[in-house]
Structures are given as C-alpha cells and as structure tokens.
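Here is the structure we will look at.
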Amino acid sequence: MNFPQTWWEAVVRGFTQTHTTAVPMPVLVGILACAVVLSIPRATWRWFGLYVTFVHELGHAYAALMTGRFVHGLRIGLDHSGRLVSSGRSAFGAAWSGFWGYPAPAVVGLCLIAAVSAGRSGAAMSVGALILLVSLVFLRNLTGILVALASAGIAQVLLLFATPDVVNYVVLALGVALTVGGVRDLIKLAGVHTKRRERLASSDAFILGRTTGVPGFVWLSGFTVVIAGCVAASAWLLWGMLTV
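See below:
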C-alpha cells in the first residue's frame, strides 16, 4: 500500500463526501455524559484538559498568524499551563491573538457540531488532521509534542479506517467535550479573578488589560459572551439533530 497516497485520498474524500447520521436521544445523552466525565472529574480532566489547553494555545497561534504575526513557538505544561511566543509590530495583532485562547475550545466545538449537523464531519476530520500536523512545527516542548502527536495519530486513524457513522459520532462527541471543557476553563478563570487573585498574573484577561489599557473584566466579559454564544448555538444544533 502506498501510504502517503492512501492518506491523501482519504483527506480529499473527507472534503468531497457528505454523510448524515441519526442521533437518538439516548445516544446524545451518552455523548453529553462522556463530555462531562472527561471535563469535570480531576482524574480525567488531568489528561483531557491537556488537549483543551492545546486547542487554547492553537487559538492564540492561529489568531496571531491571521494578523501577520510570526509565531516562534508554543509550550504546554502538564499542569495545563501554556505559553505562546509571537512577534509583530501591530498592537491589534497582539490583542487579537491574546483574546482567542479561552474562546477557542468552544468555537472549535461549535464548528465540529455544525459540521456533523451539515453532514460534513468528514471535512472537519480532514481539516483537523491537517491542522494538527501543521501545528507540530510550533511546539517547543515534549509535553506539547506528545499531545499533538497523540491527537494527530487518532485523527489520521479515523480518517483512514473509520466508517462515516463512526466519524460522525466521534466528531460530535469531541465537539461537545470541547465546549464543556471551554466552559470549565472559563469558570476557572473567573475564579482566579474573584477568589484566587494571587494567580492573576497568569490570566489572559489580566495580561490583555495590562498591555492594552482596557480593564481585565472587559476582556473576561468578552470571553464569556463568545463562549456563551457558542454554547447556545451548539445546544440549538444538537436539538435539531435529535431523532425520536
């Protein structure tokens, strides 16, 4: 088997095929339960939270690239910390990049759920597989590289071997889990601003406030509005996919 050719054909096929899958209420309840189990208990969040942090940092990275900034690298810690290093002359670019970390998991979650709703989960899987591979060039520590490799490996296996129904359910479950994870991280950030202010220096909202002069609570409110909008839109799409 010519693996590179087979892989590329699978990527292209993901962009060209459409497939819808019925989502009965018990299946949706099971998916929601799995998302909660991944995102709420500390034992599972310890590992799934690394992936959510990875998406968070990629949100910073790709937002930076959108404004012409140069991304030097990003790091992910086992404690779910993350750090992106980028440079550029535009103050707007720095603020834009700084904003799109916390909303990124919920935005990606909404995009994945919307893709399943439109029958385009194959395209979502192809895009994700390519983005994960490209993102490897940004990573500068072992934890980040391992998270990216594991994520990319799973995406490539699904792309090559999974049936369309399996891809639909996996993409849907990942979209819901990322949305729940994004909400969890937002609640944690709000706790830093209200109860654990000794950690304030690590808050994206605080850093944005310090660098732009716009108060941190404004940025925190902006995160909340975007994430809440994603949750509402995701819930509406999920309701529309339900079958009796």
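Residue numbers (the UniProt record's numbering): 1 to 244.
Ideal placement from N, C-alpha and C gives every residue a C-beta, glycine not left out.
Model, not experiment: these values are computed from the prediction.
Kindly indicate which residue of the options has the alpha-carbon position closest to the one of residue i.
i: L50; options: G182, L237, V225; result: G182
i: L178; options: H193, L112, N2, A43; result: L112
i: A123; options: L139, L136, P164, G144; result: P164
i: L142; options: L32, A235, G82, V71; result: G82
i: S126; options: G144, S151, F138, R140; result: S151
i: D185; options: R46, V71, N2, P4; result: R46
i: E57; options: G77, G68, T67; result: G77
Determine the extent of the alpha helix (DSSP H) in which residue i is found, giving its start and end residues.
i: H72; result: Segment 70-76 is the beta strand (DSSP E) holding H72; no alpha helix (DSSP H) there.
i: S151; result: 142-161
i: P4; result: 3-16
i: I187; result: 164-194
i: W239; result: 216-241
i: E57; result: 42-66
i: G93; result: 91-99
i: P26; result: 25-39
i: G209; result: 204-212
i: P105; result: 104-117
From residue i to residue j, what does the alpha carbon distance come to, in whole angstroms?
i: G73; j: S86; result: 7 Å
i: G93; j: T243; result: 44 Å
i: V108; j: V176; result: 10 Å
i: V27; j: A228; result: 24 Å
i: R42; j: H80; result: 12 Å
i: A148; j: L133; result: 8 Å
i: A35; j: F48; result: 10 Å
i: A10; j: K195; result: 49 Å
i: A22; j: L38; result: 24 Å
i: T154; j: A104; result: Looking at the sequence itself, residue 154 is Ile, so the reference to Thr does not match. Computed Cα separation, rounded: 20 Å.
i: V171; j: S121; result: 6 Å
i: residue 270; j: G128; result: Residue 270 lies beyond the range of the chain shown here (1 to 244); nothing can be said about it.
i: L174; j: H193; result: 29 Å
i: Y102; j: A205; result: 9 Å
i: W8; j: G30; result: 33 Å
i: V52; j: L136; result: 16 Å
i: R89; j: A95; result: 12 Å
i: L32; j: A115; result: 18 Å
i: L110; j: W236; result: 10 Å
i: I207; j: E198; result: 14 Å
i: T6; j: L130; result: 15 Å
i: S97; j: T212; result: 13 Å
Using the beta-carbon count (16 or more within 10 Å), is residue i buried or exposed?
i: V166; result: exposed
i: I40; result: exposed
i: T18; result: exposed
i: W100; result: buried
i: F217; result: exposed
i: A118; result: exposed
i: F54; result: buried
i: F138; result: buried
i: W219; result: buried
i: A91; result: exposed
Determine the extent of the beta strand (DSSP E) in which residue i is found, giving its start and end residues.
i: G122; result: Element bounds for G122: not the beta strand (DSSP E) but the alpha helix (DSSP H), 121-135.
i: L84; result: 82-87
Got a sec: does the ligand COA put a non-hydrogen atom nearer than 7 Å to the Cβ of residue i?
i: T67; result: In the structure on display, the ligand COA does not appear, and there are no ligands present to speak of.
Quick check: the region 222-232 against the region 183-198, are there 3 or more CB pairs under 8 Å? yes
Assess contact between the region 152-161 and the region 4-16, defined as three or more Cβ pairs (one per stretch) separated by less than 8 Å. Is contact present? yes
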